[in-house]
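Notes follow the structure.
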Amino acid sequence: MAPNQEQPRENFTIDNVNIYWRQFANRMKDEGKETFYNAMIKRNPKSSSETLFLFEVDNQVQIDVINSDLDRLMTFMRSSLKNFDFTIEIKQTDNQEEDVRNLTNKDKFAILSKKFPNIHVLKNTFNLDVDY
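So the sequence shown is numbered by our numbering: it starts at 22 and just counts up by one.
Take a look at the structure:
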C-alpha cells in the first residue's frame with residue numbers, strides 16, 4: 022500500500038489551486054523569501070492532468086529556490102486541496118516574455134541588462150542601487 026493511499030482525494034478546480042498557490046506565495050513573502058514569492062506570482066501553474074500541474078519559471082536559480090521548499094509547498098497544497106495526489110512539476114520556461122505580471126526592481130534590471138549589456142557600466146560608474 023502506498024503511503025498516500027489512505028489520504029483524502031477530493032476534487033478541486035484550477036481556481037482552488039490558484040487561490041492556495043497565492044496564499045503560499047504570500048506566506049513566503051512574509052518570511053522574507055522574495056525570490057520564491059516573485060517566482061510564484063509571476064505565473065500560475067498549468068494543469069497537465071487531473072492532479073499534475075506544470076509550473077514554469079524563468080531560470081535555474083528560481084528552480085533551486087523553489088526546490089529548497091518544495092516539500093513544504095506540496096504539503097500545503099495537498100492539505101489545502103484535500104487531495105494528496107496533487108503533484109507539481111517545475112521547469113524552466115522557453116518563453117520568458119510570456120505572461121509577465123509583477124516584476125521586482127532586480128527583475129527589471131536583469132531584463133534591461135540583457136537588452137543593454139553596458140547598463141552594468143552605468144550602474145557601477147555611478148554606484149547606482151537597483152535593489153531599493
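C-beta atoms are modelled at their ideal positions from N, C-alpha and C, and glycine is treated no differently. The structure presented is a predicted model; accordingly, all values stated were derived computationally and were not measured.
| Asked | Found |
| --- | --- |
| Which residue comes first and which comes last in the beta strand (DSSP E) that contains Glu77? | Leu73 to Val78 |
| Keeping to the same chain, check which residues put their C-beta closer than 7 Å to that of Arg30; ignore five residues upstream and five downstream. | Asn104, Phe105 and Asp106 |
| Let me know if Leu149 comes out buried or exposed under the rule of 16 or more other beta-carbons within 10 Å of its beta-carbon. | exposed |
| Mind checking who Lys112 pairs with in its DSSP beta bridge? | Glu77 |
| One question on the structure: do Leu73 and Lys112 come within less than 8 Å of each other, judged by their Cβ atoms? | no |
| Could you name the residues of the same chain whose beta carbon sits closer than 8 Å to that of Leu140, not counting the 5 residues immediately before and after it, in chain order? | It should be noted that the sequence gives Ile, not Leu, for residue 140. Cβ within range, chain order: Phe130, Leu133 and Ser134. |
| Count the other CB atoms within 10 Å of the CB of Gln83; is the residue buried (16 or more) or exposed (fewer)? | buried |
| Quick one: using the 10 Å Cβ neighbour count with 16 as the cut-off for buried, is Asp79 buried or exposed? | buried |
| Once the 5 residues before and after Tyr58 are set aside, which same chain residues still bring their CB inside 6 Å of it? | Ala46, Met49 and Lys50 |
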